[in-house]
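Residue numbers for the sequence shown, in mature numbering (1 follows the signal peptide of the UniProt record, and there is no 0): -24 to -1, 1 to 751.
For every residue, glycine included, the Cβ atom is placed at its ideal position computed from N, Cα and C.
Since we're looking at a predicted model, the values are computed, not measured.
A short worksheet on the structure shown next.
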Amino acid sequence: MTTKYIVGGSICLFLALTPGTSHAAPVKVGNYVIPSAFARSLEQGMTVPVYIRYNETDEKSQQKIADAMISLVDGNITVKALTLAELPNNAVLSGKTRALVEKIRDVKFHDNTNIELSDNARLQLNVSSFHLEMIVSKDALTEAIVARSSLLGPSSVESLSNVLNYNFGTYYNDYHNGSSTRSYLTVDNTTSLREHHININGSFYGIGDSNGTSKLYRAMYERDYDGYRLALGMLDTWNVQSIASLNALNGGKIYGVSYGNKGSTVVENTALSLTPITVFLPAAGEVHVFRDGRLLSVQNFNMGSYEIDTSRFPYGVYDVTVDIVVNGRTINSRISRVNKIFARQQAAGIDQLSWQLFGGSLDYDRVSYKRNHYQDLGNEQTWIAGGAASVTLAILSGLGLKSTLYGFDNNAVNETDVTLNVNEYVSIGNQTLVANDSSWRNISNINLNVPEGYGSLWASREDSKIGDRLPLQERDNYSIGGTLNLGKFIPHGGSLTVSQTENRYSGNKYRNLDYSTTLYSGRYATVGLRAGIQRYYYNNRNDDGRQERYVSLDLSLPLATWLSMGVSRDRYGSTQGNLSARKQYAEGPIKSVGLSASTRLSGEQYYDNNYSVNGNLSYDTKYNAGTVSVTRSADNSTNMNFSSQGSLAWAGKDFGLSKERQRSGIIVKTDLTGEGKLAAKINNRNYLLSGKSNFIALPPYAQYKLEILNDKNSEDSFDIVSGRKQELTLYPGNVGVINPEVKSMVTVFGRIRYPDGQLAANTDIHNHIGKNAYG
């Protein structure tokens, strides 16, 4: 029998210098003699990394999977405990193997080298180098699947804050027999404390008039956090519908509560393929993905089973070739299918089931829409309760199912939605409603995209029956149509769209034919042509005179200028000439100016004038945005409209205004003076900062990465001393306050002298910005 000695190593060298250990005797473990310093440290317990290796390879592994606490007990090397290391892009143990690993306590190595965990995994220790490996088979691993959804973290705003959105409008009408002026103001106010918020929505009509009115649409408390949404208070039917469909209600208010697991804090990753594409690598290597012989992606993985990241792959349903390359050699190749559909709204799987419960008091209008028997039975207050569920299944390219069951008054209603994406070209949908008063409704649709971009086809059908109580309107109509891409056959062929819609209930039918093409596209101009015919059939009568025709020539010029000239013929036989022009501006408060005019060229004159004119303007400032339009019609009437929108936010002592209407945002306190400007880069979008404070309105339920930068168009330069980068998570009503330390940098021209009066020459000057050469 031979005896081996463990010599040196960084661990032994360190321990040899430890006081009190240099004169102890070595310890014999099996066929190995462990130096005394190392043995004493081993008896006290030491942590060593555990590396994972596939059982069909012999190469020494450097892929860490865990940390092991080992010690020397009665001459035997023992694992006291083993802790898995949660490292990114690493192999994932199966549930069974993971449970065995986590249960290891005071387990001795057999012959000081092996511990059998299961038939698929074992620990192996090289005593001479103390290299500890977990050797596994493929069955000991599970796929590292990329999460299809994630949860938004807690709010970054700890204090009370508020965001108020507003939309103001006023219009003036001048007719032959008089004039009228009306105004309105719509407000949406959200007050929040962290993830909790109260939302109030309402409108004021006839502002300044003695008969002005107001209406409150919503006043609710809401908490959407950790994947669950709770809403209670005065809700409109829209805010109840996290999942639920309530089409049997004609508006109305619900004083109640809604709770479920479908909310805005669950971020669905629908950019991934519906069904994962997984690969197994016996050692670290690469995965090459090809589509139609062209390289689509190269991804690197360690040993283990992984899902390929398909988030950057093109949308559609198509086959790809997946090659696994280890040490420069392709060891496996197979065909897999990528299944990515734009319309998918949630992750697939029965475990991703979404549900919702709701109930309370309902205030609704009892109306009967039966033919020739319309009745308004007045407002009624009654109870309402129900539930809803939805799920997406990985069938074909995605099967979406949603069902709502609810009751109110003496009514019981079930609504079901089914959407099937057959492949990237065909999708089918169906919506049904049935109730206990014999009411029913069915809506079906199909959409077909012809491969290679040759065109598309669509069709829809709606049919219904009015029962005894539900306030439903009877429907019996269909719509069919298609678009043909003529550019696939001839240059500048354009596209042709044909459609027909028929309402069998009213006896009306509409046929449309539209054509558009680009005649010329160059550096200095783009010229397009549009033409179309619309024919109408009223009450099942064919009136060939009731059709409209138009032809228009569109001209787009540099500097955002657009001009359109055309001729149209209305249903009464009159021919009109039309002219439209629009100019857009990148700088300044005025963003666009437009003018359109039409004049009668032939046919009978029905109005006082032969012409009509419309002018419009849109503006966009730091604090407000809106539009102004004036129309002079052929009947000599004049209409003027003005609309304005924006938001007001406060957080503590800080206030801000914005032209955007969003329910959360960030106040950036820059304390800039004069014409100085900075830029805030938020999730790769730049916002201009000026003045002492800026409020940037942003959508809630999102995480934002913010960076303060110098504006490339500003003549001033600033040093952002601190607070350059921030990360914030915003919920409705949250207003984050950022206060970066900003110093203005001034360029100075002159001569630098030493204390003795001599000019400085060939000198490097260092400051907080960097180094400058002088002289």
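Per DSSP, the beta-bridge partners of N615 are N149, T607.
When S287, G209, A97, S221 are compared, the shortest CA-CA separation from R29 is found for A97. When beta bridges are read from the DSSP output, I466 appears opposite no residue. About 4 Å separates the beta carbons of A673 and S634, which is inside the 8 Å limit, making them a contact pair. By the criterion of a C-beta distance shorter than 6 Å, S221 is surrounded in its chain by T380, E391, once the five residues flanking it on both sides are discounted. Taking one beta carbon from each stretch, the region 407 to 417 and the region 425 to 432 have fewer than 3 pairs nearer than 8 Å; the two do not touch. Within the same chain, Y193, R194, K229 come within 7 Å of D212 by CB-CB distance, once the 5 residues on both sides are set aside.
If you ignore the 5 residues before and after T358, its C-beta comes within less than 6 Å of the C-beta of L338, F384, D385, all in its own chain and listed in chain order. For G553, the enclosing beta strand (DSSP E) stretches over residues 551 to 560.
With a cutoff of 8 Å on beta-carbon distance, L654 and L682 are scored as not near each other. The region 127 to 137 and the region 45 to 54 do not touch, with fewer than 3 CB-CB distances between them shorter than 8 Å. Excluding the 5 residues flanking it on each side, S420 has same chain C-beta neighbours closer than 6 Å at N406, R437, in chain order. Scanning the region 5 to 30 for uninterrupted beta strand (DSSP E) segments of 3 residues or longer gives 8 to 10, 22 to 30, listed from N- to C-terminal end.
Ranking G483, Y680, E651, K645 by CA distance to the CA of R661 puts Y680 first. A check of alpha carbon separations from V274 across V265, G280, T502, Y282 identifies V265 as the nearest. Assignment of beta-bridge partners to A365 by DSSP yields W331, S379. With respect to the C-alpha of V233, the residue from I111, S574, S218, S482 having the closest C-alpha is S218. Collapsing the DSSP output to three states places T213 in a helix. Listed in chain order, the non-local C-beta contacts of Q38 below 7 Å within the same chain comprise Y27, local neighbours out to five positions each way being set aside. CA-to-CA, the gap between G227 and L448 works out to about 12 Å. Per DSSP, the unbroken alpha helix (DSSP H) holding R74 starts and ends at 71 to 78. Annotation for V402: the continuous beta strand (DSSP E) segment containing it runs 402 to 411. If you draw a 10 Å sphere on the C-beta of E400, you find 16 or more other C-beta atoms in it, and that means buried.
Taking all protein chains in view, the Cβ of Q552 is crowded by 16 or more other Cβ atoms within 10 Å, so the residue is classified as buried.
A123 and P675 have their alpha carbons spaced roughly 24 Å apart.
The residue among R170, T157, I174 with its C-alpha nearest the C-alpha of D164 is I174. If you check the CB distance, V296 and R267 come in under 8 Å. Scanning its chain for C-beta atoms nearer than 6 Å, with the 5 sequence neighbours on each side dropped, one finds around V503 the residues L495, Y496, L531, in chain order. Taking one beta carbon from each stretch, the region 605 to 622 and the region 639 to 649 have fewer than 3 pairs nearer than 8 Å; the two do not touch. Straight across, the Cα-Cα distance linking Y526 with L489 is about 11 Å.
Per the coordinates, the alpha-carbon of N303 lies some 7 Å from the alpha-carbon of G261. The DSSP-derived three-state label of D202 is coil.
Residue pairing of Y587 in beta bridges, as defined by DSSP: T575. One alpha carbon belongs to D647, the other to G699, and they sit about 14 Å apart. With contacts defined as CB atoms closer than 8 Å, S574 and N592 fail to qualify as a contacting pair. Secondary structure of A195 (DSSP, three-state): strand.
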